[in-house]
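One structure is given here, and the rest of the page talks about it.
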Amino acid sequence: MLNDQPMKLGVFASNCSGGLSMTGAPRTLEITWDHQREIAQKADRLGFEAIVPIARWKGFGGDTNFNGRSFETFTWAAGLASVTENISIVATTHVATIDPVVAAKMAATVDHISGGRFGLNLVMGWFKPEMDMMQCRLLGHDERYAYGAEWFDFVEQLWTRTEPFDVDSTFFHAVGCESEPKPLQAHRPAIINAGNSAAGVAFSAKYADINFLASTDLDQMAVYTADVKRKAPEEHQRDLKTMTAAIVIARDTEAEAKQVYDQILEKGDWPGAENLMGILGIESQSFSEQIQKFKERFITGWGTMPLVGTPEQVVEGFQGMAESGMEGVLMGFLDYSEEIDYFGEKVLPLMREAGLRK
86 MLNDQPMKLG
96 VFASNCSGGL
106 SMTGAPRTLE
116 ITWDHQREIA
126 QKADRLGFEA
136 IVPIARWKGF
146 GGDTNFNGRS
156 FETFTWAAGL
166 ASVTENISIV
176 ATTHVATIDP
186 VVAAKMAATV
196 DHISGGRFGL
206 NLVMGWFKPE
216 MDMMQCRLLG
226 HDERYAYGAE
236 WFDFVEQLWT
246 RTEPFDVDST
256 FFHAVGCESE
266 PKPLQAHRPA
276 IINAGNSAAG
286 VAFSAKYADI
296 NFLASTDLDQ
306 MAVYTADVKR
316 KAPEEHQRDL
326 KTMTAAIVIA
336 RDTEAEAKQV
346 YDQILEKGDW
356 PGAENLMGIL
366 GIESQSFSEQ
376 IQKFKERFIT
386 GWGTMPLVGT
396 PEQVVEGFQG
406 MAESGMEGVL
416 MGFLDYSEEI
426 DYFGEKVLPL
436 MREAGLRK
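Heads up: the sequence shown at position 203 corresponds to 288 in my numbering, and the numbers run straight through without jumps.
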């Protein structure tokens, strides 16, 4: 996942019903083991760097209950690790929902199953209905990152220390802590974090290997990546890579791709999008034009960049992301399995020609 490819590629959200698109449009994505294995193995054969899941315990209601069916990500990662060869297999965890001792052991286990290909995507927790369901208190925004910092410090000690130790911090009080085996990777499993606020960027700069930003604005990406990449070396003498996400709809003609995009919107789960925005605290009665566009982006791709068009146009989109400072893209599709095939046949060769892939 941290290799020297100019533009790293990953599959995103294939473990959840709906993937990235909140729509009732016809699709082939299935949350079944056979289908998940098929997607991962295709991405592996094409040389993608990673497959990254969403950790989801409860759907968003509406017409489709978007993301309501999902595979738990550590066990999903363990299964995929055993049937792939080169691709990094990532688990996503909301740190408030799992004890550090358990997480450290699970992560090390998957790292051994994969032969050192495991990565961990750390989420501080934001979806209150899930937190309520799991009897976890949702902390204030900055306090979540303070908790996350102590949580990861604890995990990292379990991965590296060889003698039992105690932890006595604001959030954790534990005695006689130890964990074996250690992860296989000499440094540690790669850490992803999507913190984009001041507290989130500070967390990523200190702890993460990859900071993740979902944005549809290339100018915003450029400013953001420059700031993030400056903070890590200046403040912590370490490197931090940046990645973004996209919903990819590549077809032989622009008209075909646009037709698929329009169908996603036409059959969009608008009540589900309204529920999500309410949870995020976005007031839909104000700024109606901007809110409508915001909803459209959530319907089509969870607020990620839409890359819609011919293979050539999609590669132009990747080029724009690269020029903004992004070093990788996690991709969602409407029909993951079939569209990964098409991507490998039509888009990857053009990315190589453009110098985006080796």
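For glycine and all other residues, C-beta sits at the position ideal for the given N, C-alpha and C. All values reported here derive from a predicted model rather than from experimental measurement.
Using a Cβ-Cβ cutoff of less than 6 Å, which residues in the same chain neighbour residue i once the five nearest sequence positions on both sides are dropped?
{"i": "His226", "result": "none"}
{"i": "Phe297", "result": "Ile277, Ala279 and Met328"}
{"i": "Pro268", "result": "Ala193, Asp196, Trp244 and Pro274"}
{"i": "Leu392", "result": "Ala331, Val333, Val399 and Gly402"}
{"i": "Arg122", "result": "Val168"}
{"i": "Phe239", "result": "Pro185, Val252 and Phe257"}
{"i": "Ser300", "result": "Met306"}
{"i": "Ile295", "result": "Ile277, Lys326 and Met328"}
{"i": "Met191", "result": "Phe159"}
{"i": "Met390", "result": "Thr301 and Ala331"}
{"i": "Leu131", "result": "Gly429"}
{"i": "Phe237", "result": "Tyr292"}
{"i": "Pro266", "result": "Ala193"}
{"i": "Gly204", "result": "Met86, Ser173, Val175, Pro274 and Ala275"}
{"i": "Ala231", "result": "none"}
{"i": "Asp347", "result": "none"}
{"i": "Val446", "result": "For the chain, the structure presents residues 86 to 443; residue 446 sits outside this window and is missing."}
With a CB to CB cut of under 7 Å and the five nearest residues on each side skipped, what residues in its chain are close to residue i?
{"i": "Leu350", "result": "Glu381, Ile384 and Thr385"}
{"i": "Ile357", "result": "Here residue 357 turns out to be Gly, not Ile, going by the sequence shown. The answer, listed in chain order, is Met107, Phe145, Gly146, Gly147, Asp148, Thr149 and Phe151."}
{"i": "Met411", "result": "Met306, Thr310, Thr327, Met328 and Thr329"}
{"i": "Lys431", "result": "Ala335 and Pro396"}
{"i": "Leu361", "result": "Phe145 and Phe383"}
{"i": "Ala317", "result": "Ala290, Arg323, Asp324 and Leu325"}
{"i": "Ala439", "result": "Val400 and Gln404"}
{"i": "Glu235", "result": "Ser254, Thr255, Phe256 and Phe257"}
{"i": "Phe250", "result": "Gln242 and Cys262"}
{"i": "Gly233", "result": "Val180, Leu207, Met209 and Phe288"}
{"i": "Ala259", "result": "Asp251 and Val252"}
Near residue i, what residues of its chain come up, given a Cβ to Cβ distance below 8 Å and the 5 sequence neighbours on each side ignored?
{"i": "Asp426", "result": "Lys127"}
{"i": "Ala407", "result": "Pro91, Met92 and Leu441"}
{"i": "Gly456", "result": "Here the chain has residues from 86 to 443 only, and residue 456 is not among them."}
{"i": "Asn88", "result": "Glu134"}
Determine the burial state of residue i: buried for a count of at least 16 other Cβ atoms within 10 Å of its Cβ, exposed for fewer.
{"i": "Ser155", "result": "buried"}
{"i": "Lys93", "result": "buried"}
{"i": "Glu134", "result": "buried"}
{"i": "His321", "result": "exposed"}
{"i": "Arg141", "result": "buried"}
{"i": "Ser371", "result": "Caution is warranted here: a pLDDT of 42 is assigned to Ser371, below 50, making its placement in the model unreliable, and the coordinate value is therefore given only provisionally. Answer is exposed; the Cβ neighbour count stays below 16."}
{"i": "Ser409", "result": "buried"}
{"i": "His179", "result": "buried"}
{"i": "Ala64", "result": "Missing from the structure shown is residue 64; the chain here goes from 86 to 443 and no further."}
{"i": "Gly261", "result": "exposed"}
{"i": "Val187", "result": "exposed"}
{"i": "Val308", "result": "exposed"}
{"i": "Asn206", "result": "buried"}
{"i": "Arg437", "result": "exposed"}
{"i": "Arg229", "result": "buried"}
{"i": "Trp387", "result": "buried"}
{"i": "Asn100", "result": "buried"}
{"i": "Asp450", "result": "The structure shown does not extend to residue 450, since the chain is modelled only from 86 through 443, so no value can be given for it."}
{"i": "Glu248", "result": "exposed"}
{"i": "Glu215", "result": "buried"}
{"i": "Asp354", "result": "buried"}
{"i": "Gly413", "result": "buried"}
{"i": "Gly285", "result": "buried"}
Compute the beta-carbon to beta-carbon distance between residue i and residue j, rounded to the nearest angstrom, for a pair I have assumed lies under 8 Å.
{"i": "Glu339", "j": "Gly394", "result": "5 Å"}
{"i": "Glu341", "j": "Thr113", "result": "The pair is not a contact, with the Cβ atoms about 17 Å apart (cut-off 8 Å)."}
{"i": "Ser167", "j": "Ile198", "result": "6 Å"}
{"i": "Ile364", "j": "Phe257", "result": "Not really, about 28 Å apart at Cβ, beyond 8 Å."}
{"i": "Met209", "j": "Thr182", "result": "About 11 Å; that fails the 8 Å criterion."}
{"i": "Ile139", "j": "Ala98", "result": "5 Å"}
{"i": "Val96", "j": "Ile124", "result": "6 Å"}
{"i": "Val313", "j": "Leu303", "result": "Val313 to Leu303, Cβ: 15 Å. No contact."}
{"i": "Asp217", "j": "Glu170", "result": "The Cβ separation is near 40 Å, so there is no contact."}
Can you check whether the C-beta of residue i is within less than 8 Å of a C-beta belonging to chain E?
{"i": "Ala284", "result": "Any reference to chain E falls outside this structure, which holds one protein chain only."}
Answer yes if the segment 234-243 comes into contact with the segment 161-168, meaning at least three C-beta pairs across the two stretches below 8 Å, and no otherwise.
-> Result no; under three Cβ-Cβ pairs closer than 8 Å.
Can at least three beta-carbon pairs, one atom from the segment 98-118 and one from the segment 407-426, be found at a separation below 8 Å?
-> yes
Start-end ranges of the alpha helix (DSSP H) lying completely within the segment 212-294, minimum 4 residues = 213-218, 226-245 and 283-292
Beta strand (DSSP E) runs wholly inside the segment 123-204, at least 3 long, in chain order = 135-137 and 173-179
Any alpha helix (DSSP H) of 4 or more consecutive residues that is wholly inside the segment 368-414 = 373-386 and 396-408
Please specify which runs of the alpha helix (DSSP H), each continuous and at least 4 residues long, are wholly inside the segment 292-376, giving them in chain order.
-> 303-321, 339-351 and 355-364
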